[in-house]
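Enquirer: Counted from 1, the sequence shown has number 843 at position 270 by our numbering; the numbering is strictly sequential.
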Amino acid sequence: MNNIYRFLDLAKVNEPYLDQLVEAAGRVVRSGRYIGGYEVDNFEHSLSQMLGVPYVIGVSNGLDALRLTLRAWIELGRLSKGDEVVVPGNTYIASILAISDAGLKPVLVDPDPVTMNLSAAGLETAISPRVRAVMPVHLYGRVAWSEELREIIVRHSLLVIEDSAQAIGAKALCDGLYSSRMAGGLGDAGCLSFYPTKNIGALGDAGAVATHDKKLAETVRALANYGADYRYHNIYKGFNCRMDPMQAALLSVKLPHTLEENADRFARAVTYNRNIHNPGVITPLQSAGIVDHVWHQYVIRVTGGKRDRFREQLLERGVETDIHYATPPHLQPCYQEEFFADSNNSQFGPLPVTERLASEIVSLPIATGTTVADAAEISEIINLIKL
Ligand SMILES: *Cc1c(COP(=O)(O)O)cnc(C)c1O
Numbered sequence: 574m575n576n577i578y579r580f581l582d583l584a585k586v587n588e589p590y591l592d593q594l595v596e597a598a599g600r601v602v603r604s605g606r607y608i609g610g611y612e613v614d615n616f617e618h619s620l621s622q623m624l625g626v627p628y629v630i631g632v633s634n635g636l637d638a639l640r641l642t643l644r645a646w647i648e649l650g651r652l653s654k655g656d657e658v659v660v661p662g663n664t665y666i667a668s669i670l671a672i673s674d675a676g677l678k679p680v681l682v683d684p685d686p687v688t689m690n691l692s693a694a695g696l697e698t699a700i701s702p703r704v705r706a707v708m709p710v711h712l713y714g715r716v717a718w719s720e721e722l723r724e725i726i727v728r729h730s731l732l733v734i735e736d737s738a739q740a741i742g743a744k745a746l747c748d749g750l751y752s753s754r755m756a757g758g759l760g761d762a763g764c765l766s767f768y769p770t771k772n773i774g775a776l777g778d779a780g781a782v783a784t785h786d787k788k789l790a791e792t793v794r795a796l797a798n799y800g801a802d803y804r805y806h807n808i809y810k811g812f813n814c815r816m817d818p819m820q821a822a823l824l825s826v827k828l829p830h831t832l833e834e835n836a837d838r839f840a841r842a843v844t845y846n847r848n849i850h851n852p853g854v855i856t857p858l859q860s861a862g863i864v865d866h867v868w869h870q871y872v873i874r875v876t877g878g879k880r881d882r883f884r885e886q887l888l889e890r891g892v893e894t895d896i897h898y899a900t901p902p903h904l905q906p907c908y909q910e911e912f913f914a915d916s917n918n919s920q921f922g923p924l925p926v927t928e929r930l931a932s933e934i935v936s937l938p939i940a941t942g943t944t945v946a947d948a949a950e951i952s953e954i955i956n957l958i959k960l
């Protein structure tokens with residue numbers, strides 16, 4: 574057996590759409606419209622329909638979606654510089670960077686070790702009068718939302734900015750579990766990323782903000798366009814963070830396939846969960862259905878300090894893996910000054926779960942290019958490794 578199981582092959586991810594992508598690119602080239610216009614409007618409309626959220630603004634990337642939303646709340650007087658925003662400590666650093674960039678304070682909390690997401694209990698521990706907002710991150714594609722979480726949010730009148738970068742198409746049960754809503758439409762604002770590796774990826778950078786709030790939508794749109802509400806009339810000191818029509822056109826090809834793409838990931842994840850029986854490996858919680866987890870990553874845990882050796886043994890057998898993320902944001906060099914400046918600062922309490930997870934997690938191949946048969950074979954390879 575000398576198969577190579579690639580972790581991610583982006584050309585393979587886009588191969589099924591090749592002809593349509595080329596056609597869409599040609600359409601943009603011939604249109605002569607390279608900023609804004611029909612392609613962006615059309616994509617925003619499709620995404621708004623899909624999410625069931627009335628306002629969608631296409632922006633340059635996921636980090637900018639988060640930054641623009643927080644900055645818009647400051648412009649609208651709903652947040653003030655120095656206000657605290659609760660965020661899970663094990664997220665991708667972009668979540669935290671957006672909070673810092675807006676002059677707000679990230680309050681990092683440990684995730685639930687089983688779901689690896691922010692829990693109601695976690696949010697509760699971080700609540701103080703300075704906390705004005707919360708950023709649930711639907712990490713690895715699993716929706717971080719529950720009635721308990723919502724109850725705390727309502728009780729403390731927190732603004733909710735969802736980091737939905739990894740969870741396009743995922744749904745949460747809401748309103749007493751009688752209906753479901755899409756991730757990105759659960760809170761006051763939802764921020765999406767179309768980075769090429771995401772479940773629906775552009776062929777470059779792109780992102781979006783989704784909201785039910787018209788005022789927020791208008792402010793985000795203005796901020797993303799130099800702060801102008803109309804041409805050459807700048808009401809904010811804004812940015813240039815627009816979505817390119819080229820990316821919008823390419824994404825319009827892929828967006829209608831979100832459900833199939835997610836269903837394929839689900840099939841691979843179920844295959845892993847059914848077939849991995851190595852006692853040294855903790856497989857991720859299997860959600861009840863296809864609904865609340867879109868498996869952006871399939872993340873197992875290898876405990877007892879054996880993770881790195883495990884990855885080496887997999888690689889020797891042709892299985893590429895990755896780690897999301899090896900160094901948590903609070904241990905990154907850029908945050909050390911902030912951390913050490915005030916050691917009893919509530920912003921960065923001890924984060925033992927975050928740090929333990931960072932040392933145990935391993936992402937297995939799950940994107941297009943990995944078949945269900947591959948997932949079964951990789952599972953068998955894992956079962957043969959002595960831990
Ligand atoms: C990818 C990602 C982002 C940032 O999106 P970009 O488009 O890469 O800027 C933010 N948060 C999370 C959780 C992500 O996975």
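Even for Gly, the Cβ is constructed at its ideal location relative to N, Cα and C.
So, with DSSP's three-state summary, where would you put M689?
Expert: Three-state result, M689: coil.
Enquirer: Under the three-state reduction of DSSP, which class applies to C907: helix, strand or coil?
Expert: In this structure, C907 counts as helix in the three-state DSSP scheme.
Enquirer: If contact is defined by three or more beta carbon pairs under 8 Å, each pair taking one atom from either stretch, is the segment 820-836 in contact with the segment 770-786?
Expert: Verdict: yes, contact present.
Enquirer: If you measure from the CB of T688, is any heavy atom of ligand 1 nearer than 7 Å?
Expert: False, no ligand heavy atom lies under 7 Å from that Cβ.
Enquirer: How is the alpha helix (DSSP H) around V945 delimited, first residue to last?
Expert: From DSSP, the alpha helix (DSSP H) with V945 extends over V945 to L957.
Enquirer: Just confirm the distance between the C-beta atoms of V864 and V935, as a whole number of angstroms; I'd bet it's less than 8 Å.
Expert: Wrong, their Cβ atoms sit about 25 Å apart, outside the cutoff.
Enquirer: Quick one: what does DSSP say P679 is sitting in, helix, strand or coil?
Expert: Here P679 sits in strand by DSSP.
Enquirer: Would you kindly work out how many angstroms separate the C-alpha atoms of R579 and E588, rounded to a whole number?
Expert: Distance between the alpha carbons of R579 and E588: 15 Å.
Enquirer: Give me the residue from C907, A638 and A699 with the minimum Cα distance to E657.
Expert: Among C907, A638 and A699, the Cα nearest to that of E657 is on A699.
Enquirer: Excluding the 5 residues preceding and the 5 following R838 in the sequence, name in chain order all residues of the same chain whose CB lies nearer than 6 Å to its CB.
Expert: Excluding residues within five positions, the ones whose Cβ falls inside 6 Å are W868 and I939.
Enquirer: With DSSP collapsed to three states, give me the class of M755.
Expert: In the structure shown, M755 sits in a strand (DSSP, three-state: E or B).
Enquirer: Answer yes or no: do V843 and P857 have a C-beta to C-beta separation smaller than 8 Å?
Expert: No. Outside cutoff.
Enquirer: Using C-beta distances below 6 Å, list every residue in its chain close to D895, excluding the 5 sequence neighbours before and after it, in chain order.
Expert: Counting only Cβ-Cβ distances below 6 Å, and skipping sequence neighbours, we find F580 and S936.
Enquirer: Of all the options G662, G760 and Y590, which has the alpha carbon lying nearest to the alpha carbon of L712?
Expert: Among G662, G760 and Y590, the Cα nearest to that of L712 is on G662.
Enquirer: Can we count L636 as close to ligand 1, meaning its CB is less than 7 Å from some heavy atom?
Expert: Correct: L636 has its Cβ closer than 7 Å to ligand 1.
Enquirer: Leaving out five residues before and five after I954 in sequence, what residues of the same chain have Cβ atoms less than 7 Å from its Cβ?
Expert: Around I954: L887, R890 and V892.
Enquirer: Quick test of your reading: L636 and A667, contact by CB under 8 Å. State the CB separation rounded to the nearest angstrom.
Expert: Rounded, the Cβ-Cβ distance is 4 Å, consistent with contact.
Enquirer: Any idea what DSSP makes of H830, helix, strand or coil?
Expert: Three-state result, H830: helix.
Enquirer: Along the alpha helix (DSSP H) that carries T642, what are the first and last residues, could you check?
Expert: Element bounds for T642: G635 to E648.
Enquirer: For ligand 1, is there a heavy atom less than 7 Å away from the beta-carbon of D674?
Expert: False, no ligand heavy atom lies under 7 Å from that Cβ.
Enquirer: Drop a sphere of 10 angstroms on the beta-carbon of S952, count the other beta-carbons inside from all chains shown, and report buried for 16 or more, exposed for fewer.
Expert: Classification of S952: buried, given that the 10 Å Cβ count is 16 or more.
Enquirer: So, at 7 Å on beta carbons, what are the nonlocal neighbours of T688 in its own chain, with the 5 sequence-adjacent residues on each side left out?
Expert: Hits under 7 Å: R715 and L858.
Enquirer: Under the DSSP definition of a beta bridge, which residues are partnered with A783?
Expert: In the DSSP output, where bridge partners are listed per residue, A783 has V629 and G763.
Enquirer: Please determine whether the Cβ atom of G605 lies at a distance below 7 Å from any heavy atom of ligand 1.
Expert: No, the Cβ of G605 stays beyond 7 Å of every heavy atom of ligand 1.
Enquirer: When you compare only the Cα positions, how much space is there between T941 and G599?
Expert: Straight-line Cα distance between these residues: approximately 25 Å.
Enquirer: Classify R804: buried if its beta carbon has 16 or more other beta carbons within 10 angstroms, exposed otherwise.
Expert: R804 comes out exposed.
Enquirer: Run through the segment 798-845 for me and flag every whole beta strand (DSSP E) of 3 or more residues, listed as ranges in chain order.
Expert: Those beta strand (DSSP E) runs which fall completely within the segment 798-845 and span 3+ residues are 801-803.
Enquirer: How big is the Cα-Cα spacing for G625 and S619?
Expert: Rounded to whole angstroms, G625 to S619 spans 10 Å at the Cα level.
Enquirer: May I ask you to verify whether the segment 715-727 touches the segment 843-855, counting CB pairs closer than 8 Å and requiring at least 3?
Expert: These segments do not touch.
Enquirer: Which stretch, first to last residue, makes up the alpha helix (DSSP H) that contains I666?
Expert: It spans I666 to D674 - the alpha helix (DSSP H) in which I666 sits, taken as one unbroken run.
Enquirer: In whole angstroms, what is the alpha-carbon distance linking S604 and M819?
Expert: The straight-line gap from Cα to Cα measures roughly 10 Å.
Enquirer: Determine whether the beta carbon atoms of E648 and T792 lie at a separation below 8 Å.
Expert: A contact, by the Cβ cut-off of 8 Å.
Enquirer: Under a three-way DSSP split, which group does G582 fall into?
Expert: Correcting the residue identity first, residue 582 is Asp in this sequence and not Gly. In the structure shown, D582 sits in coil (DSSP, three-state: anything other than H, G, I, E or B).
Enquirer: Check the C-beta distance from V945 over to A836 and give it rounded, since I have them as a contact under 8 Å.
Expert: No, V945 and A836 are not in contact; Cβ-Cβ is about 11 Å, not under 8 Å.
Enquirer: Once DSSP output is grouped into helix, strand and coil, what is the label at A738?
Expert: Correct three-state label for A738: coil.
Enquirer: Along the chain, where does the alpha helix (DSSP H) containing S932 start, and where does it finish?
Expert: Start and end: P925 to E933.
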